[in-house]
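According to this note's numbering, the sequence shown is numbered sequentially starting from 321.
Cβ coordinates follow ideal geometry from the N, Cα and C atoms, glycine included.
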Amino acid sequence: MKSFLRALCFLGWSAMVMAAPVLAQEGESSPLDTTTGWIFRWINFAVVFALIVWGFAKLGPYFRQHAREISEAIAEGTRAREAAEGKSREAQAKMAELPNEIEGMKAEAKKDSEAEILRLRAQTKEEAEKVELATQAEIAAAERAARLELKSIAAEMAVARAEALLRQRLTPQTEAALLKMYVAELEKRPDAGQAGVN
């Protein structure tokens, strides 16, 4: 960049030096209209042209490098813009699909919820049936136990009542009469005589 500025300054200074004689003789007839003037004009043109060519030759690589950097930056910007536009299109497509996805997720959640409700109802029903069967079995067992206990109590009461009745009715005379009857019955048996013989 510094060499470019130097070349520009040199070109500007050269142009002023060469134009000074022409500007100084403006009111008079110009020696430039002579053959020598024309030769100096052509030499001046050649020098200026050579300086311009030399300046461009020196600054050419800088301009080419700068142009290359600019074109690379433009290409990079274009790629970045295209990538951003692609992402933007992709995001817009996803945003457009979002309501459908939400509806699908709602439908799936509803279906899963209904299936879970049905499963819980079936499980609850099954558990209730098990509890009912267990309760019926416990009731039946309790009924059996109560019946057995009632029978036992009734038998105890019957035995106690019978003992009480026997005690009331059994006097020494009744006892003697019963004993006689029992002995008489034993004697009547055919095997009782054999038992006595043995």
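Where does residue i fall in DSSP's three states?
{"i": "R409", "result": "helix"}
{"i": "T491", "result": "coil"}
{"i": "T354", "result": "coil"}
{"i": "R509", "result": "coil"}
Tell me, to the nearest whole angstrom, how far the beta carbon of residue i is from that of residue j; I am working on the premise that it is less than 8 Å.
{"i": "A327", "j": "K407", "result": "Actually they are not in contact, since the Cβ atoms of A327 and K407 sit about 46 Å apart, beyond 8 Å."}
{"i": "L331", "j": "G375", "result": "6 Å"}
Going straight from the alpha carbon of residue i to that of residue j, what length do you get?
{"i": "E428", "j": "I437", "result": "14 Å"}
{"i": "Q385", "j": "A366", "result": "28 Å"}
{"i": "K414", "j": "R388", "result": "38 Å"}
{"i": "P419", "j": "Q412", "result": "12 Å"}
{"i": "T491", "j": "V451", "result": "60 Å"}
{"i": "E402", "j": "A370", "result": "45 Å"}
{"i": "E405", "j": "I422", "result": "25 Å"}
{"i": "S472", "j": "L440", "result": "47 Å"}
{"i": "A482", "j": "T494", "result": "16 Å"}
{"i": "T356", "j": "I363", "result": "10 Å"}
{"i": "F383", "j": "S334", "result": "23 Å"}
{"i": "K500", "j": "A454", "result": "59 Å"}
{"i": "E434", "j": "K426", "result": "12 Å"}
{"i": "R467", "j": "E476", "result": "14 Å"}
{"i": "L498", "j": "A478", "result": "22 Å"}
{"i": "A457", "j": "R464", "result": "10 Å"}
{"i": "R487", "j": "A480", "result": "10 Å"}
{"i": "E273", "j": "A400", "result": "No information on residue 273 is available, as it lies outside the stretch 321 to 518 that the chain covers here."}
{"i": "V368", "j": "T354", "result": "21 Å"}
What residues in its chain sit with their C-beta under 8 Å from that of residue i, if we drop five residues either side in the sequence?
{"i": "V373", "result": "none"}
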